[in-house]
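Q: Residue numbers (numbering that gives the first Met the number 0), protein chains in the order written: chain A, 0 to 164; chain B, 0 to 443.
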Amino acid sequence: MESTVEIQFSEQELQTIENLKTRYLKPDSVILEVLYLIQEKYGYINQEGMKYAAELVGISEEQVFGVVTFYTMFNTKPIGKYHLQVCTNVSCMLRGAYELLEKLEKELNIKKGEISSDGLFTISEVECLGSCGTAPVVQINEDYYENLNEEKLLQIIKELRNKSL
Amino acid sequence: MSIKILLKDIPDYHKIEVYQQYGGYKTIKKALQKSPDEIIEEVKKSGLRGRGGACFPTGLKWSFMPRDKNIPKFLCINGDESEPGSFKDRQIFEFNPHQLIEGILISAYAIGAQTCYIYIRGEYVKWIRLMQKALDDAYAAGFVGEKMKETFGTDFYTNIYIHRGAGAYICGEESALMNSIEGHRGYPRVKPPFPAQYGLWGYPTTINNVETIANIPAIVENGGDWYASIGEPKHPGTLLFGVSGHVNKPGVYELPTGTLLTDIIYKYAGGIPGNKKIKCIIPGGTSMPPIRGDQIEGLKMDAESLRQVGSAIGTGGIIVMDEDTDLVKVLTRITEFYWHESCGQCTPCREGTGWMLKILKRILDGRGTSKDLDLLIDISNNIEGHTICAFGEATAWPVKFMIERFRDEFEARVNKSIVIDIPNKVHSMRNTVIPIDEIKINGN
Numbered sequence: 000m001e002s003t004v005e006i007q008f009s010e011q012e013l014q015t016i017e018n019l020k021t022r023y024l025k026p027d028s029v030i031l032e033v034l035y036l037i038q039e040k041y042g043y044i045n046q047e048g049m050k051y052a053a054e055l056v057g058i059s060e061e062q063v064f065g066v067v068t069f070y071t072m073f074n075t076k077p078i079g080k081y082h083l084q085v086c087t088n089v090s091c092m093l094r095g096a097y098e099l100l101e102k103l104e105k106e107l108n109i110k111k112g113e114i115s116s117d118g119l120f121t122i123s124e125v126e127c128l129g130s131c132g133t134a135p136v137v138q139i140n141e142d143y144y145e146n147l148n149e150e151k152l153l154q155i156i157k158e159l160r161n162k163s164l
Numbered sequence: 000m001s002i003k004i005l006l007k008d009i010p011d012y013h014k015i016e017v018y019q020q021y022g023g024y025k026t027i028k029k030a031l032q033k034s035p036d037e038i039i040e041e042v043k044k045s046g047l048r049g050r051g052g053a054c055f056p057t058g059l060k061w062s063f064m065p066r067d068k069n070i071p072k073f074l075c076i077n078g079d080e081s082e083p084g085s086f087k088d089r090q091i092f093e094f095n096p097h098q099l100i101e102g103i104l105i106s107a108y109a110i111g112a113q114t115c116y117i118y119i120r121g122e123y124v125k126w127i128r129l130m131q132k133a134l135d136d137a138y139a140a141g142f143v144g145e146k147m148k149e150t151f152g153t154d155f156y157t158n159i160y161i162h163r164g165a166g167a168y169i170c171g172e173e174s175a176l177m178n179s180i181e182g183h184r185g186y187p188r189v190k191p192p193f194p195a196q197y198g199l200w201g202y203p204t205t206i207n208n209v210e211t212i213a214n215i216p217a218i219v220e221n222g223g224d225w226y227a228s229i230g231e232p233k234h235p236g237t238l239l240f241g242v243s244g245h246v247n248k249p250g251v252y253e254l255p256t257g258t259l260l261t262d263i264i265y266k267y268a269g270g271i272p273g274n275k276k277i278k279c280i281i282p283g284g285t286s287m288p289p290i291r292g293d294q295i296e297g298l299k300m301d302a303e304s305l306r307q308v309g310s311a312i313g314t315g316g317i318i319v320m321d322e323d324t325d326l327v328k329v330l331t332r333i334t335e336f337y338w339h340e341s342c343g344q345c346t347p348c349r350e351g352t353g354w355m356l357k358i359l360k361r362i363l364d365g366r367g368t369s370k371d372l373d374l375l376i377d378i379s380n381n382i383e384g385h386t387i388c389a390f391g392e393a394t395a396w397p398v399k400f401m402i403e404r405f406r407d408e409f410e411a412r413v414n415k416s417i418v419i420d421i422p423n424k425v426h427s428m429r430n431t432v433i434p435i436d437e438i439k440i441n442g443n
């Protein structure tokens, strides 16, 4: 059973969305921003979230569902506090991304797409992050960690763990 | 003496006050005193070609826009930058955002767009913030938005907004980008009608790459003839070459078109680690046909020279692979990318990418046959040209050309024939490529 948290934006957030709508000919265009905000506040976007977004933007739930499932940056299921997104595309692969991914899975004792038992981490294998010149790269939530090697990555994991104690 | 137009060696050039110190936001003033047609002519004269991969002449693209002043017109700046091997636009967002903004203003004036959107890929949170900061500064200084009328003393003004994507490679395709801005799934549209006739919300729209537009102020300031004299005459200017993979100094290097590929790799990117030989080069992002390492001597990096060797300049993202690289693995990874990113509208692409991936994984597992290689080329031929957008070519080219150009390497990884020991005669005679362990026979 999913927990039923009521999705609700604050007055200020609602105002931000209304202001964004003025930038476009039709309100539909703000859907991505609305979904980002839901994800930021609630961690992921479930059916309730999609319903809320549809009402707020004034479009059908079907359209919202279509959008959420099309773009890879939206999570429809809960994830860990830190989303470790490992790029394994060619440039990163040539510089050891798969070895990093393997190391990460071993260190956290989870596979891609799973949440670590402490609820802190989720690992994803992602496509090119546009960081080929500083490969390999791992994006953790919004931040890029570039020019990584195993030691550096394990150090980062350690720091994130300490931060959450 | 190398010429720098986009990434100048000036400290803090990303700050509005430094940009202005070096003459920033003066070119837009100059441009507003000319007619839009004069600017389009100047850009045509410059020979500037799009930097997003298709190399379409920018001035010509602009001239498709209707001159009617009474309908809304839009300009979209494509900063979706998702082509594996490309990481150039983020350099502009980070180090030269105001030149991009000034370029947008001039371009918007030339085509008569009252609203401009900079579409930036969703993962680029840091660069969206940097760009937003620059945009806020430009608005505050009165260079963008309604205040332009006061600042420059003309009737023209335009607004610039950043639109954040959400992780879909296909949104870098111009018509998919428009659908994404409109709040839909990023499906490419059937063309014609072209965006200049039927673009955002059905109104005339032009879509240009970030790097293309960042060149505009320099062209208007110094003249089209000046720009046309840089680099190769048929593809003039400088390019942001992003070098990655097996090189000592990966990074983005701004160099004139026509620079030797060997110079880029050895002189600028520091050569290959361990002085190894080069096996394979992808010259412009993974969609572009790969080139053999023994064929790069004397090869110039520009659209025409690469076309002659059966490849293309793409986004200028050069991926270098040394002699120990497993090309079967590389091609499998590339194909996995296109399988993942196919939007799913066209059957050849949606089904073809998955099929090719299955075959490549089979070869990687050591269960492939020579026939599989021919089948891969056959599938890629059936995708190419049979899809709504150029994604079809993007997925077909690497497969087709990697196998054709490195056939020896692939042949070494497959079995020459496949023996299927099945009592059913019809089955055994069939020219099948189904791996043995996937075949199940009833009652046996």
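Positions of the beta carbon are idealized from the N, C-alpha and C atoms, including for glycine.
Which residues of chain B have a Cβ atom closer than 7 Å to the Cβ of A/MET92, listed in chain order?
A: Mapped onto the first sequence, residue 92 of chain A falls at position 93. ARG332, listed in chain order.
Q: Starting from the C-beta of A/GLU113, find all residues in its chain whose C-beta is less than 8 Å away, skip the five residues before and the five after it, and write them out in chain order.
A: Looking up residue 113 of chain A in the first sequence gives position 114. The residues are THR121, ILE122.
Q: Can you tell me the Cα-Cα spacing of B/ASP79 and B/CYS388, whole angstroms?
A: Position 80 of the second sequence, counted from the start, is the residue given in the question as residue 79 of chain B. Position 389 of the second sequence, counted from the start, is the residue given in the question as residue 388 of chain B. Using only the alpha carbons, I get a separation of about 16 Å.
Q: Between A/MET49 and chain B, is the shortest Cβ-Cβ distance under 8 Å, so that the two count as touching?
A: Walking along the first sequence from the start, residue 49 of chain A turns up at place 50. False, the Cβ-Cβ gap to chain B never drops below 8 Å.
Q: Show which residues of chain A have a CB atom less than 7 Å away from the CB atom of B/GLY273.
A: Indexing the second sequence from 1 puts residue 273 of chain B at position 274. In chain order: nothing, as chain A lies at least about 14 Å away.
Q: Are the stretch 278–290 of chain B and the stretch 17–29 of chain B in contact at 8 Å, needing three or more beta carbon pairs?
A: no
Q: Exposed or buried, which one is A/ALA52 when buried takes at least 16 other CB atoms within 10 Å?
A: Taking the first sequence and counting its residues from 1, the one referred to as residue 52 of chain A is at position 53. Burial call: buried.
Q: I believe B/GLU173 touches B/ASN77 by the beta-carbon criterion, under 8 Å. Please report the beta-carbon distance rounded to the nearest angstrom.
A: Mapped onto the second sequence, residue 173 of chain B falls at position 174. Mapped onto the second sequence, residue 77 of chain B falls at position 78. The Cβ separation is near 7 Å, so the contact holds.
Q: Given that A/ALA134 touches chain B, what residues does it touch there, using C-beta distances under 9 Å?
A: For this step, residue 134 of chain A is matched to residue 135 along the first sequence. Correct list: SER243, GLY244, PRO249.
Q: In three-state DSSP terms, what is B/TYR267?
A: Here the question's residue 267 of chain B lines up with position 268 in the second sequence. In the structure shown, B/TYR267 sits in a helix (DSSP, three-state: H, G or I).
Q: Below 8 Å on the Cβ atoms is my contact criterion, and I expect B/THR261 with B/PHE73 to pass it. Report the Cβ-Cβ distance as a whole number of Å.
A: Counting from 1 along the second sequence, the entry for residue 261 of chain B is found at position 262. Counting from 1 along the second sequence, the entry for residue 73 of chain B is found at position 74. B/THR261 to B/PHE73, Cβ: 42 Å. No contact.
Q: Decide if B/ASN443 is buried, meaning its Cβ has at least 16 other Cβ atoms within 10 Å, or exposed.
A: As a first step, residue 443 of chain B must be located in the second sequence, where it is residue number 444. Residue placement at B/ASN443 is flagged as unreliable, the pLDDT there being 42, under the threshold of 50; the coordinate-derived value follows with that caveat. It counts as exposed.
Q: Within the continuous beta strand (DSSP E) that includes B/MET147, where are the two ends?
A: Locating residue 147 of chain B in the second sequence gives position 148, where the first residue counts as 1. First-last for B/MET147: 147–151, but that is the alpha helix (DSSP H), not the beta strand (DSSP E).
Q: Alpha carbon to alpha carbon, what distance is there between B/ASP67 and A/CYS127?
A: As a position in the first sequence, residue 127 of chain A is number 128, starting the count at 1. As a position in the second sequence, residue 67 of chain B is number 68, starting the count at 1. Distance between the alpha carbons of A/CYS127 and B/ASP67 is about 41 Å.
Q: Between which two residues does the alpha helix (DSSP H) holding B/ASN221 run?
A: Locating residue 221 of chain B in the second sequence gives position 222, where the first residue counts as 1. From DSSP, the alpha helix (DSSP H) with B/ASN221 extends over 215–221.
Q: Below 6 Å CB to CB, which residues in the same chain sit around A/MET0 once its five sequence neighbours on both sides are set aside?
A: As a first step, residue 0 of chain A must be located in the first sequence, where it is residue number 1. Confidence at A/MET0 is low in this model, with a pLDDT of 39, below 50, so the placement of that residue is unreliable and no value is reported for it.
Q: Quick one: using the 10 Å Cβ neighbour count with 16 as the cut-off for buried, is A/GLN154 buried or exposed?
A: Residue numbering aside, residue 154 of chain A sits at position 155 when the first sequence is read from its first letter. The residue is exposed, with fewer than 16 neighbouring Cβ atoms inside 10 Å.
Q: Taking Cβ-Cβ distances shorter than 9 Å, what residues in chain A pair up with B/LYS125?
A: Along the second sequence, one-based indexing puts residue 125 of chain B at 126. By Cβ distance, chain A contributes GLU141, ASP142, TYR143.
Q: Could you check where the beta strand (DSSP E) with B/PHE240 kicks off and where it finishes?
A: For the purposes of this step, residue 240 of chain B is identified with residue 241 of the second sequence, where counting begins at 1. 237–244 is the extent of the beta strand (DSSP E) around B/PHE240.
Q: If you pair each beta-carbon of the stretch 87–94 of chain A with each one of the stretch 131–150 of chain A, do three or more pairs fall below 8 Å?
A: Enough Cβ pairs lie closer than 8 Å, so yes.
Q: What are the uninterrupted segments assigned as alpha helix (DSSP H) that are 4 or more residues long and contained completely in the stretch 115–187 of chain B, given in chain order?
A: 124–139, 147–151, 173–180
Q: Tell me the rounded alpha-carbon separation between A/SER115 and B/LEU47.
A: The residue labelled residue 115 of chain A in the question sits at position 116 within the first sequence. The residue labelled residue 47 of chain B in the question sits at position 48 within the second sequence. Near 51 Å, if we compare the C-alpha coordinates of B/LEU47 and A/SER115.
Q: Please decide whether A/LEU147 counts as near chain B, where near means a Cβ-Cβ distance under 8 Å.
A: To locate residue 147 of chain A, count along the first sequence from 1; it is residue 148. It does not; no Cβ of chain B falls within 8 Å.
Q: Counting only beta-carbon separations shorter than 8 Å, does A/LYS25 have a partner in chain B?
A: Start at 1 with the first residue of the first sequence, and residue 25 of chain A comes out as number 26. With its beta carbon less than 8 Å from one in chain B, A/LYS25 belongs to the interface.
Q: If contacts are defined as beta-carbon pairs under 8 Å, then A/LEU36 and A/PHE8 qualify, I think. What distance do you get, rounded to the angstrom?
A: Along the first sequence, one-based indexing puts residue 36 of chain A at 37. Along the first sequence, one-based indexing puts residue 8 of chain A at 9. That pair is a contact at about 7 Å.
Q: Can you tell which of B/LEU199, B/PRO216, B/LEU375 has the C-alpha that lies nearest to the C-alpha of B/ARG406?
A: As a working note, residue 406 of chain B is residue 407 in the second sequence. With distances taken between Cα atoms, B/ARG406 lies closest to B/LEU375.
Q: At a Cβ cut of 9 Å, what residues of the stretch 28–43 of chain B count as close to chain A, listed as they run along the chain?
A: none
Q: Which bits of chain A does B/GLU340 rub up against, with CB to CB less than 8 Å?
A: Your numbering for residue 340 of chain B matches position 341 in the second sequence. Result: GLU126.
Q: CB-CB under 7 Å to B/LYS360, same chain, minus the five flanking residues each way: which ones, in chain order?
A: Numbered from 1 along the second sequence, position 361 holds the residue referred to as residue 360 of chain B. Within the same chain, B/LYS360 has close Cβ partners THR331.
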